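Student: Below: one structure in structure tokens.
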Amino acid sequence: KPCPVNFEFMNYTIITSRCKGPQYPAKLCCDAFKDFACPYSDDLNDLSNDCSSTMFSYINLYGNYPPGLFANLCRDDKIGLICPAL
Amino acid sequence: TNRRYISYGALSKNNVPCSR
Numbered sequence: 001k002p003c004p005v006n007f008e009f010m011n012y013t014i015i016t017s018r019c020k021g022p023q024y025p026a027k028l029c030c031d032a033f034k035d036f037a038c039p040y041s042d043d044l045n046d047l048s049n050d051c052s053s054t055m056f057s058y059i060n061l062y063g064n065y066p067p068g069l070f071a072n073l074c075r076d077d078k079i080g081l082i083c084p085a086l
Numbered sequence: 101t102n103r104r105y106i107s108y109g110a111l112s113k114n115n116v117p118c119s120r
């Protein structure tokens, strides 16, 4: 199932301006990631589409991040990464 | 209130299945 969100031409500076190597501080990176991804959480959590794979492809592409950075860095709750209140 | 979250299932798509 295709992703209803077009991640190709989004503005990734919300992440790339705050999450930088070689340190990749977890707090900065994960907060930035959540700020970017949370508006699309419903589509990202729907694993019957390819939204999350697509989004990570572009995040890694634009930010030149090592594979798995956010998966390895970010942990919140039992259920997942808690999004900031709107 | 029901809070939004990004599931670990979605986050796991950040992992690549190679380089072990």
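Chains as they are written, first to last, in our numbering: chain A, 1 to 86; chain Z, 101 to 120. From the three backbone atoms N, C-alpha and C, an ideal C-beta is built for every residue, glycine too. Keep in mind that this is a model prediction, so the values were computed, not measured.
1. In this structure, what does DSSP give as the bridge partners for Z/Ser107?
2. If the criterion is Cβ atoms closer than 9 Å, does the pair A/Gly21 and A/Tyr58 meet it?
3. Identify, in the order they occur along the chain, each residue of the same chain with its Cβ nearer than 7 Å to the Cβ of Z/Asn114, setting aside the five sequence neighbours on each side.
4. Whole angstroms are fine: how far does the CA of A/Asn49 sit from the CA of A/Ala32?
5. Please report the straight-line C-alpha distance between Z/Ser112 and A/Ser41, rounded to a whole angstrom.
6. Which of the residues in the segment 48-62 of chain A, read from start to end, lie with their CB under 7 Å from any CB of chain Z?
7. Among the candidates A/Cys3, A/Pro2, A/Phe7, A/Lys1, whose CA atom is the shortest distance from the CA of A/Tyr62?
8. So the alpha helix (DSSP H) A/Asn60 belongs to, where does it begin and stop?
9. For A/Asp46, does the three-state DSSP call read helix, strand or coil?
10. Taking A/Gly80 and Z/Tyr105 to be in contact with their CB atoms under 8 Å, please state how far apart those CB atoms are, rounded to whole angstroms.
11. Would you mind reading off the limits of the alpha helix (DSSP H) that contains A/Phe30?
Tutor: In short, the structure shows the following:
1. A/Gly80
2. no
3. none
4. 23 Å
5. 14 Å
6. Ser52, Ser53, Phe56
7. A/Phe7
8. 51-63
9. coil
10. 4 Å
11. As written in the sequence, residue 30 of chain A is Cys, which differs from the Phe given in the question. Run containing A/Cys30: 26-37, per the alpha helix (DSSP H) assignment.
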